[in-house]
Each structure stands twice: as C-alpha cells, then as structure tokens.
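First up is the structure itself, then whatever we jot down about it.
There are 2 protein chains.
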Amino acid sequence: MSLSQRKEKILAAVVEHYIPTGEPIGSKALCEELGFSSATIRNEMSELCELGFLEQKHTSSGRIPSSKGYRYYVDNLMNTSPLEDIECAKLEAMLRSGAKTPEKIIENAGGVLARLTNCATVITTPADKSASISKVELIPATAKTAVLVLLTSSGIIKNCVCRIDIDINDNIKDTFKKIVDKYFIKARVAELSEEMLEEIISALGTEDYAVKPLLSALYELGREAGESKAFVRGEGNLISHSDYANLSELMEFLQQREQLSRLVSFEENRDNSRMSILIGSENYFHEMEDSSLILSRYAFGDNAMGTIGVIGPTRIDYSRLIPDVEYLTDMVGRLLAENFGDNDNN
Amino acid sequence: MSLSQRKEKILAAVVEHYIPTGEPIGSKALCEELGFSSATIRNEMSELCELGFLEQKHTSSGRIPSSKGYRYYVDNLMNTSPLEDIECAKLEAMLRSGAKTPEKIIENAGGVLARLTNCATVITTPADKSASISKVELIPATAKTAVLVLLTSSGIIKNCVCRIDIDINDNIKDTFKKIVDKYFIKARVAELSEEMLEEIISALGTEDYAVKPLLSALYELGREAGESKAFVRGEGNLISHSDYANLSELMEFLQQREQLSRLVSFEENRDNSRMSILIGSENYFHEMEDSSLILSRYAFGDNAMGTIGVIGPTRIDYSRLIPDVEYLTDMVGRLLAENFGDNDNN
DNA sequence: TGTTAGCACTCTAAACACACGAGTGCTAAA
DNA sequence: TTTAGCACTCGTGTGTTTAGAGTGCTAACA
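As you go down the protein sequences, you meet chains A and B in turn.
Just so we're aligned: 102 in the numbering used here is position 102 of the first sequence, and the numbers increase by one with no gaps anywhere.
Just remember that the numbering used here sits 1000 ahead of the position in the second sequence, which is counted from 1.
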C-alpha cells in the first residue's frame, strides 16, 4: 500500500516527533512544521488512523505511530546515515579488545552493542550443521585430569576439563587417539548421536574402559559445537526506557532464552536478507508486542551464520540503530574472517 | 551495643513484618502480635528510632528497619534454616549441567543463583597471584592459524586462536616451544611483564620473527589467567523489586564492573571469614545505598579464591538468601575440587 | 473539489479542598 | 514501669473544578 505524498510527510513528521520526545503530537504543531493548515492535517490524520498507521490513546490526544506506521516509515520514509568515522574507530577498538576466540568476540560484541544503543541485545553463536570435527587434542593437566580441545571445520573451538579414574598413561592416550581418529575426526557434529557413543563405549575392552569419561566429554563438546547458543546482554538498559508498561514480563521473556532463540532462528530462515526488523505486534510473542527487534546476520566461515540484534521499545531511533547494528555485524564478520578464516592467502 | 530483650523482640517483629510486605508497621499491629500495649511499644520504638535501628518515612507513618536495624537483626536475631534436600538436589543438578570448565562452572553458578534468589548476582573468577604457568600447547588449526592453550598450576585454562604470517611449520613450533620452556613454563602469571615480552621478541632472529604473534597472545593469556574477572547476572531481576527509587543508577553501577570488582575484592581482603554481608549504607558506594550485598567465598585450588554474591534491595529475606548463597558457594567449591582438583588420590 | 477557518465538544492533567485513618507523642493514672 | 486516653500530624484517597490541548464537523472560500 502506498500513501499520498502529503500523508507520507505527515506520517514521517509524527514518527520523527514521537521517537525523541515520547509525546503524542497534534495537528497544530504539525501545521507549523509542515505548512498545511491544521484542519487539513486533522483530516489526513484521521484517515491515517483509519488506515492503521496512527493511533491515539484517547479521543482528544495527539497521534502516535502504530506498529504499521513505524513499519511504513522504516521501509519507505526513513533516512539513515552511516556511522561517523570516530564512532567506527571506537567500536572497532572495543570489539578488538580482549577477545581472542570466536565465541568471545561474538559475546563481547553483544555487550558493546548494548552499551552503544542503550538497549538489550541478543546474540546467537553460529550453528553450522555441516561442520565436522577437524581436530581433537588431549592435554594432560594433572595425573588424572586432562584438557580436551576440539576444533571444527568451521573454526569453532571448544574445551573442557575431564577427570578419569586412573592415571593418564600412554595406553590411555593411544586408545583415545585411535577411537577419535576412527569415529570422531571428520564426523559431522550434527550426526553425533547418543547411540553411536553407546556403541563405542560398549565395544571398549576392560583395560580401555577408563577412557569412557573422555569419550563422553568429547561427545558433549561435539554436540555443543553444533548448537547455536543465544546470549542476552544489557537487559538492565531497558529500565531507562519509560515506554514499557510492564517491563517484568519482558524481562522474564528474555531470561528464558529458548523462545527468543526460536524467534531469532525462525527469522534467520524466513528471510534470507541480511537484516530483519520486527516491530511491535510483528513479533510473534505477546511479551514482545511493545518491543522492536533489529536483527542482523554475520557470516562465520563458509556455511555458518549467527545473528546479532537489538531489543528495545517500539519507540526507538530506527535511523540510528539500524546502521549501528549493521556496522557491528559487519565488523564482527570481518574480525572473525580476519582472525580465524580458512583463507590463508591474504 | 546490646538491646533489651523487649527491644530485640520489637526490632525482630518490625523486620519480619517489613521484609515480606514492604509496608511500615505501627504500634497497634505490633501490640496484637507481641502482647505489650501499643503505648509501651510506641515508647520503645521511639527509642529504637533515636538509637538508629528504626526509621520512619514521615511523622505519622509506621516504622521500618534502618541499615543498622537490619545489621543487628542479621547479627543477633535472625534464625536461618538450612536448605531443603529437594532444593539442594535441584541446585546441584543445575550446577552440574553443561559446564565442564572451571570458568564456566563459576559463570553458570551466577545464573543459577540469580534465578534462585530473583536478585542480581556478582561472581568473580579466582585470582591466584601465586599461580604459575604449568603447560602451554600449540594446536595448529589451519595452515596459518593455531589454537593456543594455557594451563596454570591452579587449574585455570585459557585458550585463544592466533594467526601468524607464515605457515606454521616445524621450525616455528620448535622456536615457540623453546621460548615457552625457557621463559613461560613455571613463570608466575603475576610476574609476566610487558618488558619481558619485549625483550624476548627483540631477541628473535629474522627467521623466527613470525612467532611474535604467538608470544603476544600467550602473554595475554597469562595475564588473563592471573586476573580476577567479575560477572554480573540477572540484573533484570531487580526491576521486580518495588523498593528501588531510581533503579537506573544502580543498573549503571552494575554495568561498569570496575567499581563492583573493587568492592568485592576489598571485602575479600578486609574480612577473612567466609561470608560478608553489606547492608545498605554499609556499602561503600552511594549507588548501592539502597542495596544489600551478600558475598561468600569459594576456594579454588590451594591458594586462589573467588566470590559469589547476591545484590538485592536492603529489604531482602536475609534468612533465606544467606543459606542459599552459602550452599551455592559450597557446592561450587566442591564441584571445582571434584573435577579439577590437584588431589588425585580420591 | 480540495482547502481552510471557526466552533462546539471531549478528554486529560493539574490544582484544590476535604475527610479519613493510621500512627504518633505526651500526660496522667494505675 | 506500664497503660489508657487524647490531641495532633501527615499521607492517601476522593470529588470537584479548571485550563488546555486536540478533535470532528460544518460552512465558507479558491
């Protein structure tokens, strides 16, 4: 649906007034801004209300944008400007600082974005179903404990500490290595199964039985490596936004990560463009109906991707946040490629 | 300072009424509960006010406990009961699930405690200044990238991914191993210095120069291993507590972790008992003056320790939360010892 | 036919007065 | 030393009023 130019101007003006101030705006104020008489604007606004682009809290209040109104604004009317160079440099520094592991870079990015936007953020680690185990290393730590390190073809690293019942001798190491080479190396993480593990374990001889905890741990690591994990950061930021009627409901929603994960991965699959924006009632859960979600995908290796996004009230500054999120995911993708990319010829 | 028995009874009754309800209580209600006449109670309460144990919001309101009042209650009047067995089992399961790395167990515990108490939690990873580097492993991942794993004597594991400019050949590995053995193995993490790193690097021959990124990364890992890190979880829980006048100030305080870290590590050093409780104005920062902090230490290895704690409004159920925190730190300590302890003869 | 001025109407928010009740401090009696 | 009684304080809740912002509708105008 397309609106007349005048309606578009009015809608844009309403949105751009409401976003920074949080106050409804009436015909009189718009009249000064746009040059049409207040009566004309009243007529137009009344129609915009009927069409569902604007709302009013009560008969004699000014108008505010509806979810549909924001949507039209974001799709057709909004001007975004790229980030300032200084900003970019600052962000890049924050992203580079400290993190030296793909997961940590990603997690850290969530915190950075939360600070930048003063909103909550959601970050999912990449799930690469086609990834396979490329390397497994056993590093003895004390006599009976060892660190297990697993690398996947897509560049994910997982480690854990594992204790076994007897001293880790060469025999144990050998047995473990043989089993790893035979069953785990090159195996797709998505295809690791409980049954396979059981089978391997049940085939162990009595003197080899001590490696069982190592195999269980390795299996767990493989599973983890194939799963996407969602983090939420900066929930606390939301309290500074006065828009939320009952924030605690939203908080609870954010706390139990599963539904949010589903929402994010559903969007990943639904829309294969880089960004997706869900405004107010467009979110699939009623807990999110007063919120907007700006999601953006980053690439990880050749096949995997993850999502970074912002959660805030519907009344957020889309024109600022969208480039913010975009830049950040971009930067994360670049950092990942630069540090951990397969491509060795740069 | 010690109070008369009757004053103690009154103080306890005020606290125990205020904590669950959040409502001030007057002489009349207490009269019914305690059996003394309302006038007697009024006199006593008036004195308790003068002594600083009680407060009133305005002349004709009931009394509420002051920080000092809570303190007296916690120290002298409170009854705590240990956790139910079912609760314990549930918590243990939650703590055991997933985490297979010291850091992850600790971090996870913060989340578990946040859910359990419906408060924010703070967790610090152990800082063991006396820890030394016990093992360094270089695991090639792709031709030019490798995973670096570092273990310390106290059981901390750190890893990162590192890219160098040339292919990781045997020469590189050798050079790296020699330098590691000579300068890093057995070195105390607290004594790693920028100068030492510079020195090692400047002594590199041209053909060995490619290991520089590996050494820098290793240095970073060592530094990290010696530093305590603070996490905050469950900030969002705080909004469900109606006590806070301006929560955003507190949220901001919790977001910038440094001050909170300082507070926690200061307490670690000030008081060598297992728990410390800071109530309202006893906290050193004005952002925390409406909050209480219940901290408890867990042991990590022989020399290191970390802290787990709860942050909530002063009006929290001390008699429940104190055993909660205590049990949780206990459990974390036990889990760490069980899985990663040096002690191999159990 | 589209635009505008004017007017009556609606609704909210703020200001005010008022009564109620919870709670106090003080005094005097038990 | 404790208690009963009483006058006083103060916050909360309620009802009323008023000002103002904004609307919809109608009629006039270009």
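Beta carbons are placed, not taken as given, at the ideal position from N, Cα and C, and that holds for glycine.
Give the straight-line distance between the Cα atoms of residue i and residue j, rounded to the nearest whole angstrom.
{"i": "Asp344 of chain A", "j": "Lys186 of chain A", "result": "Its pLDDT being 42, under 50, Asp344 of chain A is placed unreliably in this model, and the coordinates cannot settle the point."}
{"i": "Glu1224 of chain B", "j": "Ser1216 of chain B", "result": "12 Å"}
{"i": "Ser1061 of chain B", "j": "Gly1026 of chain B", "result": "7 Å"}
{"i": "Asn1159 of chain B", "j": "Ser276 of chain A", "result": "34 Å"}
{"i": "Asp330 of chain A", "j": "Ala109 of chain A", "result": "11 Å"}
{"i": "Tyr284 of chain A", "j": "Ser273 of chain A", "result": "19 Å"}
{"i": "Ala93 of chain A", "j": "Ile106 of chain A", "result": "14 Å"}
{"i": "Gly980 of chain B", "j": "Glu1047 of chain B", "result": "Any answer about residue 980 of chain B is impossible in this case: the structure gives chain B only from 1001 up to 1346."}
{"i": "Asn1346 of chain B", "j": "Glu1338 of chain B", "result": "Interpretation of Asn1346 of chain B is limited by its pLDDT of 36, a score under 50 that renders its predicted location unreliable; the figure taken from the coordinates is listed afterwards. C-alpha separation (whole angstroms): 9 Å."}
{"i": "Asp1170 of chain B", "j": "Asp1208 of chain B", "result": "11 Å"}
{"i": "Leu1328 of chain B", "j": "Lys1104 of chain B", "result": "15 Å"}
{"i": "Ile1166 of chain B", "j": "Leu1138 of chain B", "result": "15 Å"}
{"i": "Leu1335 of chain B", "j": "Asp290 of chain A", "result": "42 Å"}
{"i": "Glu1032 of chain B", "j": "Arg1042 of chain B", "result": "13 Å"}
{"i": "Val114 of chain A", "j": "Gly312 of chain A", "result": "A quick correction: the sequence has Ala, not Val, at residue 114 of chain A. About 10 Å."}
{"i": "Asp1128 of chain B", "j": "Leu1192 of chain B", "result": "13 Å"}
{"i": "Ala1190 of chain B", "j": "Ala1131 of chain B", "result": "8 Å"}
{"i": "Asp1075 of chain B", "j": "Thr1040 of chain B", "result": "25 Å"}
{"i": "Tyr1073 of chain B", "j": "Arg1257 of chain B", "result": "30 Å"}
{"i": "His1017 of chain B", "j": "Leu1260 of chain B", "result": "31 Å"}
{"i": "Ala1143 of chain B", "j": "Ile1164 of chain B", "result": "9 Å"}
{"i": "Val1232 of chain B", "j": "Asn237 of chain A", "result": "14 Å"}
{"i": "Pro1020 of chain B", "j": "Leu1250 of chain B", "result": "22 Å"}
Looking at the secondary structure, which residues open and close the alpha helix (DSSP H) in which residue i lies?
{"i": "Val1112 of chain B", "result": "Pro1102 to Thr1117"}
{"i": "Thr175 of chain A", "result": "Asp170 to Ile179"}
{"i": "Ile86 of chain A", "result": "Asp85 to Arg96"}
{"i": "Lys68 of chain A", "result": "Ser67 to Tyr72"}
{"i": "Phe1253 of chain B", "result": "Leu1247 to Gln1255"}
Tell me which residues share the same chain as residue i and place their Cβ nearer than 8 Å to its Cβ, disregarding the 5 neighbours each side in the sequence.
{"i": "Val264 of chain A", "result": "Val122, Thr124, Ala230, Leu295, Thr307 and Gly309"}
{"i": "Val112 of chain A", "result": "Leu91, Met94, Leu95 and Leu328"}
{"i": "Ala13 of chain A", "result": "Ile25, Leu30, Glu33 and Leu34"}
{"i": "Lys9 of chain A", "result": "Leu34"}
{"i": "Ile179 of chain A", "result": "Ile200, Val211 and Leu215"}
{"i": "Ser319 of chain A", "result": "Met78, Asn79, Thr80 and Ser81"}
{"i": "Leu1218 of chain B", "result": "Val1136, Leu1148, Leu1150, Val1180 and Phe1184"}
According to DSSP, is residue i part of a helix, a strand, or is it coil?
{"i": "Ser134 of chain A", "result": "strand"}
{"i": "Asp1344 of chain B", "result": "Only weak support exists for where Asp1344 of chain B lies, its pLDDT of 42 falling under 50; the value from the coordinates is given anyway. Looking at Asp1344 of chain B - three-state DSSP - the assignment turns out to be coil, as it is neither helix nor strand."}
{"i": "Ser1296 of chain B", "result": "strand"}
{"i": "Met275 of chain A", "result": "strand"}
{"i": "Leu3 of chain A", "result": "coil"}
{"i": "Lys1057 of chain B", "result": "coil"}
{"i": "Asn1303 of chain B", "result": "coil"}
{"i": "Arg1315 of chain B", "result": "coil"}
{"i": "Lys1144 of chain B", "result": "coil"}
{"i": "Ser1291 of chain B", "result": "strand"}
{"i": "Gly1234 of chain B", "result": "coil"}
{"i": "Ile1166 of chain B", "result": "coil"}
{"i": "Ala1120 of chain B", "result": "strand"}
{"i": "Thr1080 of chain B", "result": "coil"}
{"i": "Gly1309 of chain B", "result": "strand"}
{"i": "Thr1125 of chain B", "result": "coil"}
Between which residues of its own chain and residue i is the CB-CB distance below 7 Å, once the five residues before and five after are set aside?
{"i": "Ser67 of chain A", "result": "Ile279, Gly280, Ser281, Glu282 and Thr314"}
{"i": "Gly52 of chain A", "result": "Ser66 and Lys68"}
{"i": "Lys1028 of chain B", "result": "Ser1038"}
{"i": "Glu1227 of chain B", "result": "Ala1127"}
{"i": "Ala99 of chain A", "result": "Ile105 and Asn108"}
Keeping to the same chain, check which residues put their C-beta closer than 6 Å to that of residue i; ignore five residues upstream and five downstream.
{"i": "Glu326 of chain A", "result": "Ser296"}
{"i": "Pro140 of chain A", "result": "Ala146 and Ile168"}
{"i": "Leu214 of chain A", "result": "Cys162 and Phe176"}
For the beta strand (DSSP E) holding residue i, just list the boundary residues, first then last.
{"i": "Ile157 of chain A", "result": "Ile157 to Arg163"}
Legend entry - Complete alpha helix (DSSP H) runs within the segment 12-50 of chain A (minimum length 4 residues, chain order): Correct list: 27-34.
Legend entry - Contiguous alpha helix (DSSP H) assignments of at least 4 residues, all confined to the segment 184-225 of chain A: 194-202
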